[in-house]
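Taking this note's numbering, the leading residue of the sequence shown gets 39, the next gets one more, and so forth.
Glycine included, each C-beta is placed from N, C-alpha and C at the ideal position.
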Amino acid sequence: MNGFTDRLDGHVSQLQDRQTVLIGVRVRRKGESWFKSRITDMSLSGFKLLSFVRLRIGMEVWVMFPGFEGRKATVVWTADHEAGCEFETALHPAIFDHIVRMSDPMARG
39 MNGFTDRLDG HVSQLQDRQT VLIGVRVRRK GESWFKSRIT DMSLSGFKLL SFVRLRIGME
99 VWVMFPGFEG RKATVVWTAD HEAGCEFETA LHPAIFDHIV RMSDPMARG
């Protein structure tokens with residue numbers, strides 16, 4: 039199930055659980071070096087990445103949040119310098135809450 043679309047089985051859409059954030063992260067494409075980027079929006083299942091590095095739909099990437107090991111994700115959409123990515127394994131709610139709390143408070147409104 040794509041984390042960026044509504045669930046069809048009657049459960050609450052994960053779009054409602056999406057948080058606006060501003061988090062500096064490191065990202066790596068398969069077989070390449072880490073580069074710096076920013077996440078501007080995230081949920082338990084995915085995130086929106088600002089990147090000047092070319093990403094394609096279906097591409098696997100690794101994202102590293104400050105203080106955490108890298109997590110595998112897949113690019114599900116791209117537009118200009120943004121990409122929507124879905125985690126291979128959804129974040130645990132406590133980890134999600136911690137990451138949101140450590141993001142730039144000005145980004146959260």
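Give a yes or no on whether the C-beta atoms belonging to residue i and residue j are separated by under 8 Å.
| i | j | result |
| --- | --- | --- |
| Val114 | Gly108 | no |
| Asp55 | Leu82 | yes |
| Met97 | Arg76 | no |
| Ala111 | Val101 | yes |
Residue i by DSSP, collapsed to three states: which one?
| i | result |
| --- | --- |
| Phe85 | strand |
| Arg139 | helix |
| Ile133 | helix |
| Asp55 | helix |
| Glu70 | coil |
Could you tell me how far apart the beta carbons of residue i and residue j are, in whole angstroms, since I believe they sit closer than 8 Å?
| i | j | result |
| --- | --- | --- |
| Val35 | Val99 | In the structure displayed, the chain extends from 39 to 147; residue 35 sits before or after that span and is not available. |
| Gly84 | Phe134 | Not confirmed; about 11 Å, so no contact. |
| Leu60 | Thr78 | 6 Å |
Contiguous alpha helix (DSSP H) assignments of at least 4 residues, all confined to the segment 74-125:
With a minimum length of 4 residues, no continuous alpha helix (DSSP H) run stays inside the segment 74-125.
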